[in-house]
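A.B. asks: Numbering follows our numbering, with no gaps: position 279 of the sequence shown is 413.
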Amino acid sequence: MFTSSAGGNAGVSRREALRWMGLAGAGLMVGARSASAASETDSTVTVAPLAQPAFYRFKIGAFDAIAFNDGGINPPVAQSPFGVGEPVESKVAVLREALLPVTQVNLQFNALLVRMGAEWVLFDAGCGALFGPAGGRLAAQMAAAGVKPEQINAVFLTHAHGDHFGGLFAGEEKALAFKNATHFTGRAEFDFWTGASPDVSALRQPEEGRRGMVAGARGALEALRGKWQLIAPGDRLIEGLEVIAAPGHTPGHLVFLISSGGEQVLHMADIAHHHAITFARPGWVLAFDVQPELAEATRRKLLDRAAADRLKVFGAHMPFPALGHVRALEGGRYDYVISPWSVA
Ligand SMILES: [Zn+2]
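#1: Here's the rule I'm using: 16 or more other beta-carbon atoms within 10 Å means buried, otherwise exposed. How should His275 be labelled?
#2: Using only the heavy atoms of ligand 1, determine whether one of them is closer than 7 Å to the beta carbon of Asp404.
#3: What would DSSP say about Phe448, mapped onto helix, strand or coil?
#4: Count the other CB atoms, across all protein chains shown, that sit within 10 Å of the CB of Gly480; report buried if there are 16 or more and exposed otherwise.
#5: Of the choices Leu391, Arg434, Arg344 and Ala441, whose alpha-carbon is the least far from that of Val424?
#6: Which runs of the alpha helix (DSSP H) fall wholly inside the region 356 to 435 and span at least 4 residues, in chain order?
#7: Tell me the rounded alpha-carbon separation between Pro332 and Ser476.
#8: Would you check if there are 3 or more beta carbon pairs closer than 8 Å linking the region 369 to 380 to the region 250 to 258?
#9: Report yes if the C-beta distance between Gly300 and Ala273 is below 8 Å; otherwise report no.
#10: Does DSSP classify Gln339 as helix, strand or coil?
#11: The alpha helix (DSSP H) that contains Arg461, what's its start and end?
#12: Look at the Cβ atom of Leu436, then the Cβ atom of Ala380, and state whether they are nearer than 8 Å.
#13: Could you check the C-alpha separation between Glu427 and Ile286 for me, to the nearest Å?
#14: State the Cα-Cα distance for the pair Ala196 and Gly206, rounded to the nearest angstrom.
#15: Under a Cβ-count criterion, where at least 16 other Cβ atoms within 10 Å of its own Cβ denotes burial, should Glu323 be classed as buried or exposed?
#16: Ignore the nearest five residues each way along the sequence and tell me which others in Arg167's own chain have a CB closer than 6 Å to its CB.
#17: Smallest Cα separation from Gly260: which of His383, His459, Ser473 and Ala403?
#18: Give the C-beta separation of Pro453 and Ala201 to the nearest angstrom, bearing in mind that I take them to be a contact with Cβ-Cβ under 8 Å.
#19: Considering only the beta carbon of each residue, do Gly449 and Ala406 sit closer than 8 Å?
#20: Assign Pro235 to one of three DSSP states: helix, strand, or coil.
#21: Look at the alpha carbon of Thr328 and the alpha carbon of Leu233, and state the distance between them as a whole number of angstroms.
#22: What is the DSSP secondary structure of Trp327, counted as helix, strand or coil?
#23: To the nearest angstrom, how far is the alpha carbon of Gly465 from that of Ala442?
#24: Using 7 Å as the cut-off, classify the Cβ of Asp204 as near or not near the heavy atoms of ligand 1, replying yes or no.
#25: State the start and end residues of the unbroken beta strand (DSSP E) segment that holds Leu272.
#26: If distances are taken between C-alpha atoms only, which option among His298, Arg370, His383 and Asp297 comes closest to Ala336?
#27: Compute the distance between the beta-carbons of Ala311 and Pro283, then report whether it is under 8 Å.
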């Protein structure tokens, strides 16, 4: 069980950390959950009170935006997904250099809502019930911000990992959480995971983790088969929204550039998972990258673009409210500069 859940982010026991290592991104198969998993999650997620509201309103030109924190985890450094194959001492050194705790790695889950003209557009849906009390706070955060799920017109799923799709489903019967929304995801993402035998052989996971990731992605995508609007990079869907390919973390992983009135935010989704580790060691392999080499190339390409264009970025796993900028450093490394909380 989770060792704590009352405060901010839940701590995790070794067993939970291993389960997370194995199944993160898959969580539990939609519509096919085990009884033990159901008992772990059902009593906690939908009614869990918020320890504190964690939503942040900001503007992107004329667009109103809200960043939401869905939760987060603190796996022990040795069991964290960062730097597969690297010695623990190297990971500790990076954390120490960044003046962060060196025993655990904090990894957050964030979603972004942008009101783009008449459209209420949600990017990713958080974990839902899949990560127990460590995640699934999006619904309560939205309620605290006065946003009703029925108001959401469009949901974009950046990729089919459980910490992004879990919140698309609500309640025991797995009803659609955003029933008035058109659901968008990448055609390449849908085709990969729902194909006959998705090639996850490069995934740095034990077999159980690979199987779990495939089953979870397939379950979520199949649950909405016929309802997805399948999109491709370059599609023009909403004024001010650019769909950008970001393959590697998953084959159909997408990021989004949101533009209004001369302001831009790059929603970089999962090209970076930690504001210190990923940026200081962009070549380190993440345990959940389906195509690790391609993921690194994509990461560098998009971080270079963000740095060159001085783009504000939003990150699914950056420290809440998950807004910052990217600096390119000597030696192919980067620096993530957290944007100040603005009271304006
Ligand atoms: Zn993620």
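We put the beta carbon where it would ideally sit given N, CA and C, even for glycine.
C.D. replies: The answer reads as follows:
#1: According to the sequence shown, residue 275 is Gln rather than His. Gln275 comes out buried.
#2: Placement of the Cβ of Asp404 at a distance of less than 7 Å from at least one heavy atom of ligand 1 is found.
#3: It is a strand residue.
#4: Not covered by the structure: residue 480. The range shown for the chain is 135 to 478.
#5: Closest option to Val424, Cα to Cα, is Arg344.
#6: Within the region 356 to 435, the complete alpha helix (DSSP H) segments at least 4 residues long are 411 to 414, listed from N- to C-terminus.
#7: Distance between the alpha carbons of Pro332 and Ser476: 44 Å.
#8: Result yes; three or more Cβ-Cβ pairs closer than 8 Å.
#9: Contact flag unset, no.
#10: Residue state, collapsed to three classes: coil.
#11: Per DSSP, Arg461 belongs to no alpha helix (DSSP H); it is in the beta strand (DSSP E), Leu457 to Ala462.
#12: Between Leu436 and Ala380, the C-beta gap is smaller than 8 Å, which places the two residues in contact.
#13: Looking at the two C-alpha atoms, the distance is approximately 36 Å.
#14: Ala196 and Gly206: Cα-Cα distance of roughly 30 Å.
#15: Classified as buried, Glu323 has 16 or more neighbouring CB atoms from the shown chains inside 10 Å of its CB.
#16: Reliability fails at Arg167, whose pLDDT of 35 lies under 50, so the model's placement of it is uncertain and the value that follows must be treated cautiously. Correct list: empty, nothing qualifies.
#17: Considering only alpha carbons, the answer is Ala403.
#18: The pair is not a contact, with the Cβ atoms about 11 Å apart (cut-off 8 Å).
#19: Against a cut-off of 8 Å, the Cβ pair of Ala406 and Gly449 comes out as a contact.
#20: Coil at Pro235, not helix or strand.
#21: For Thr328 and Leu233, the distance between alpha carbons rounds to 42 Å.
#22: For Trp327, the secondary structure class from DSSP, reduced to helix, strand or coil, is helix.
#23: Each residue's Cα considered, the two are about 16 Å apart.
#24: No, the beta carbon of Asp204 sits no closer than 7 Å to any heavy atom of ligand 1.
#25: Segment Leu272 to Ala278 is the alpha helix (DSSP H) holding Leu272; no beta strand (DSSP E) there.
#26: Ranking the options by Cα distance to Ala336, first place goes to His383.
#27: A contact, by the Cβ cut-off of 8 Å.
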